[in-house]
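In the numbering used here, the protein residues as written are 79 to 399.
For glycine and all other residues, C-beta sits at the position ideal for the given N, C-alpha and C.
Every value quoted in this text rests on a predicted model; they were computed, and no experiment measured them.
Beneath this line is the structure, given in structure tokens, with notes to follow.
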Amino acid sequence: MIKGLAITPPILGRISIGSVVEKNGKRLPVKEDFFTITSQVQGRNGWVNHPLDEELRKKAGTDKLRSIPVRVLFNSPELNLRAEYSLFDRQTGRPLCMGNGETCRRFTDSGMQNLSCPSPDSCELAKGGACKPYGRLNVQIGDEDELGSFIFRTTGFNSIRTLAARLSYYQAVSGNLLACLPLELRLRGKSTTMSHRSAIYYVDLTVREGLTLEAAIAAARETDQRRKECGFDQIALDEAAANGFANGAFEESAEEILETLEEFYPVPGDSESAESASSVAPLDSPAAGKPLAALVRSKPSLVDKLDKKLAAPHSALLTRP
């Protein structure tokens with residue numbers, strides 16, 4: 079195995095509750111009150127929808143997809159949802175520092191170091207709002223690929239906190255059968271003083287519609303028994319995933335740099351940037367990103383730089399010098 083390369087679950091597509099649109103020559107995140115399931119392919123108009131997106135909308139009988147039936151890959155909540163405080167380079171999108179509030183992995187002049195992590199509020203490096211919580215949730219949709227997954231990315235406190243709690247609780251009440259539970263991603267809205275009483279959206283995880291928790295646990299036991307009978311080793315799968323994540327300092331790869339720029343650095347202060355632009359520009363708090371404005375006013379916008387890279391015939395990030 080290549081050392082330094084994080085081995086992550088195979089990705090079949092993305093789940094978002096927001097999109098990026100062209101407005102006055104700039105790419106801006108906009109909030110949406112529904113899920114979109116996309117492939118990993120981008121066209122001229124953005125990410126190409128995955129066939130499952132249309133299939134689930136037809137089943138739901140609505141144009142707005144607000145719930146998605148899912149399962150998770152692992153029994154360990156921390157393997158399904160990786161959430162850390164994350165600081166990215168503002169010019170390249172390269173991850174510089176990721177921590178959990180106690181310890182962090184940080185690129186320094188001396189190379190990669192393990193240091194203490196006081197959390198963004200008390201960290202000198204994080205001043206200006208550049209360090210944010212960053213969560214990545216992998217889920218299965220459908221039965222076509224039992225080891226493939228769709229990823230939901232967010233920097234939202236509400237989504238991260240809710241998903242972390244749900245995964246931990248479901249693991250506990252099911253007797254460590256989290257990977258066998260029939261679950262459902264559900265979009266929820268709330269209003270706060272910070273959002274000026276307008277709705278912001280976040281992602282929750284529940285048992286599937288029509289099932290009680292007791293029924294879901296019973297179904298999980300049946301699935302677990304069936305898997306054991308055919309030789310499916312969930313413990314070994316969790317161990318392999320943990321080793322794969324630990325093999326690299328950071329989960330993000332060089333191929334995701336441009337996408338990271340869009341996700342983490344939307345135009346500062348734009349009124350359309352809100353929590354619900356969650357996978358493309360995942361801001362879970364309406365105030366997120368505003369402290370960054372004072373730091374970038376005198377410099378070209380990262381969105382401008384991204385547009386130039388996308389407009390170039392061959393991105394400098396993808397070609398050799």
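Distance from Ala242 to Pro155 at the Cβ level is roughly 7 Å; contact confirmed, criterion being Cβ atoms closer than 8 Å. Leu255 places its beta carbon less than 8 Å from that of Asn153. In this chain, the alpha helix (DSSP H) harbouring Thr301 covers Leu291 to Glu307.
Burial check for Gly309: the Cβ neighbour count within 10 Å stays below 16, so the residue is exposed. Counting of Cβ neighbours within 10 angstroms places Ser194 among the exposed residues, the total staying below 16. Listed as beta-bridge partners of Ala277 by DSSP are Ser269.
Linking Leu225 to Thr233 through their CA atoms gives a straight-line distance of about 25 Å.
In this structure, Ala297 places its C-beta atom within 8 Å of the C-beta atom of Pro260. The DSSP-derived three-state label of Lys101 is strand. Below 8 Å, enough C-beta pairs join the region 84-96 and the region 310-328 to call them touching: three or more. Here the alpha carbon of Arg122 sits roughly 14 Å from the alpha carbon of Thr116. By the criterion of a C-beta distance shorter than 7 Å, Asn325 is surrounded in its chain by Met79, Lys81, Leu83, Ala84 and Ile85, once the five residues flanking it on both sides are discounted. With contacts defined by Cβ atoms closer than 8 Å, Ile229 and Gly213 do not form a contacting pair. Secondary structure in the region 189-243: no alpha helix (DSSP H) run of 4 residues or longer lies completely within the stretch.
Remark: fewer than three beta-carbon pairs, one from each stretch, lie closer than 8 Å, so the region 120-135 and the region 171-189 are not flagged as touching.
Val217 and Arg299 do not touch by the CB rule: their CB atoms are close to 21 Å apart, not below 8 Å. Around the C-beta of Asn102, fewer than 16 other C-beta atoms lie within 10 Å, and the residue is accordingly described as exposed. Arg149 sits in a strand when the DSSP states are folded into three classes.
The straight-line gap separating the alpha-carbon atoms of Ser252 and Gly189 is approximately 43 Å. Nearest C-alpha to Gln312 among Asp111, Glu262 and Cys258: Cys258. Taking the Cα of Thr284 as reference, the smallest distance to any Cα among Arg168, Ala293 and Ala277 is reached at Ala293. Taking a 10 Å sphere around the C-beta of Gln303, we find fewer than 16 other C-beta atoms and assign the residue as exposed. The three-state secondary structure of Leu90, taken from DSSP, is strand. Judged by their CB atoms, Phe185 and Leu203 are not nearer to each other than the 8 Å cut-off.
In the structure shown, Gln169 falls within a coil segment according to DSSP collapsed to helix, strand and coil. The Cβ neighbour count for Gln249, taken over all protein chains shown within 10 Å, is at least 16; the residue is labelled buried. If you draw a straight line from the Cα of Phe235 to the Cα of Pro211, it comes to about 7 Å. Secondary structure at Asp316: helix, using DSSP grouped into helix, strand and coil.
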